[in-house]
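Asker: For reference, each letter of the sequence shown is one residue, going 18 to 315 in our numbering.
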Amino acid sequence: MDTATNQLDPTIISNIEFFVVDAVADIAVPVFFYGTYAVLYGTCMVILRQKRTQYHRLYTTAMTVLFVLASFGVVVNVFLATRGVIGLIVGEITESPPSEEAYSQLLTFSVISFFFYILSNMVADTLLLIRCYHIWNRLVVVLFPAILCLVCNGLGIVAACISFQDAVHGSTSDTKLLVAMDDHIVGRQPLLLTFLGLDLLSNLLLTSVIAVKLLFVIRHARRAEVKSVQALYTSVMAIIVESGLLYPIGLVALLIFSNNAVTYSLIHIVGISPTLIIVRIGLGTALHVERGCLESIN
């Protein structure tokens, strides 16, 4: 069968259409999250500039690092989606599997993208731990979550290093971080699954610890019959819990659906969650606990 006939084959055309639609989704979803994140980041910077909080420099630096990593991530991920679909289309038309060189290139960029994600995750975890400590004002409360986050990110780095070695040496073993140019999905190794599971657990734990403290604050406000304070802290609890749960929800979606659109969006969701909290702090409406007194940060 010649090339012209192959190009007119309805099955091939249908497969190409599927690849293109899949690639468009892989690009559109993370770009949407990145656009949302960019607006939120700009708002956060303006607020931090106008409202000089106690940790102004720390928040500004952390937010900027997260956004820069997300920017690098979106560029690499768009390249991955584009290069991947081109390889699939060419392979479908020529009826030949993708070359080992093409696979190795995709794997290398996938590992780079994953490193950006790990770094973002480390910064976001640090901010959430600091926030948890400020709310509880007790080091012992954040000790276990901090150890869990450290172990989790360490596993992520090890998983990325193993995959990078696969890319460099052209390995085709089952220990690859990202594969499957033939079915265009994200492959998993046990170490990576462990990392994702621990990451989900640590974020849910931190969110729960913060939410528990805020529930105590609401009970205190009710007993004192301070309705305005109660309304304020109820609002803060909603913001904290929602922003804290946004990233775990993304992780659950990744573990369930395991597609590139979710994978490429995680680095932006990682940045959005702490940025929402920092915006609240910058506006002076975040919870602050000091010596048993409840007050808002001004």
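We treat Cβ as the ideally placed atom computed from N, Cα and C, and that holds for glycine. The model shown is predicted, which means the values in this text are computed figures rather than measured ones.
1. Could you have a look at residue 230 and say whether DSSP puts it in helix, strand or coil?
2. Checking 7 Å against the spacing of the C-beta atoms, do residue 262 and residue 292 come in under that value?
3. Counting only the same chain and skipping the five closest in sequence on each side, list residues whose C-beta sits under 8 Å from that of residue 57.
4. With residue 144 and residue 86 assumed to form a contact (beta carbons below 8 Å), what rounded beta-carbon distance in angstroms separates them?
5. Look at the alpha carbon of residue 160 and the alpha carbon of residue 169, and state the distance between them as a whole number of angstroms.
6. Residue 297 lies in the alpha helix (DSSP H); which residues open and close that run?
7. With distances taken Cα to Cα, identify the nearest neighbour of residue 208 among 171, 122, 53.
8. Nearest to residue 35 by alpha carbon, out of 88, 102, 149?
9. What three-state label does DSSP hand residue 138 in the structure shown?
10. Assuming residue 165 and residue 222 make a contact with CB atoms under 8 Å, what is their CB distance in whole Å?
11. Between the C-alpha atoms of residue 146 and residue 77, what's the straight-line distance to the nearest angstrom?
12. Is residue 94 helix, strand or coil when you go by DSSP?
13. Per DSSP, what kind of secondary structure is residue 72 in: helix, strand or coil?
Answerer: In brief:
1. Position 213 of the sequence shown, counting from 1, holds the residue named residue 230. Note: residue 230 maps to helix in three-state DSSP.
2. Working through the sequence shown from its first residue, we reach residue 262 at position 245. Working through the sequence shown from its first residue, we reach residue 292 at position 275. Result no, Cβ atoms of residue 262 and residue 292 do not sit closer than 7 Å.
3. What you label residue 57 is simply residue 40 of the sequence shown in a count that begins at 1. If we look at residue 57 and ignore the five residues flanking it on each side, its Cβ neighbours are 289, 292, 293, 296.
4. What you label residue 144 is simply residue 127 of the sequence shown in a count that begins at 1. What you label residue 86 is simply residue 69 of the sequence shown in a count that begins at 1. With a Cβ gap of about 13 Å, residue 144 and residue 86 do not count as contacting.
5. Locating residue 160 in the sequence shown gives position 143, counting from the first residue. Locating residue 169 in the sequence shown gives position 152, counting from the first residue. When rounded, the distance between both Cα atoms is 14 Å.
6. In the sequence shown, residue 297 corresponds to position 280, counting from 1. Where residue 297 is concerned, the enclosing alpha helix (DSSP H) stretches over 277-300.
7. On the sequence shown, residue 208 is found 191 positions in, with the first residue counted as 1. When 171, 122, 53 are compared, the shortest CA-CA separation from residue 208 is found for 171.
8. Along the sequence shown, read from residue 1 onward, the residue named residue 35 stands at position 18. Of 88, 102, 149, the residue nearest in Cα terms is 102.
9. Along the sequence shown, one-based indexing puts residue 138 at 121. It is helical.
10. On the sequence shown, position 148 is the one that residue 165 refers to. On the sequence shown, position 205 is the one that residue 222 refers to. Right, the Cβ-Cβ distance comes to about 7 Å (below 8 Å), so this counts as a contact.
11. Your numbering for residue 146 matches position 129 in the sequence shown. Your numbering for residue 77 matches position 60 in the sequence shown. Those two C-alpha atoms are separated by around 17 Å.
12. Here the question's residue 94 lines up with position 77 in the sequence shown. In the structure shown, residue 94 sits in a helix (DSSP, three-state: H, G or I).
13. As a first step, residue 72 must be located in the sequence shown, where it is residue number 55. Residue 72: coil per DSSP, three-state reduction.
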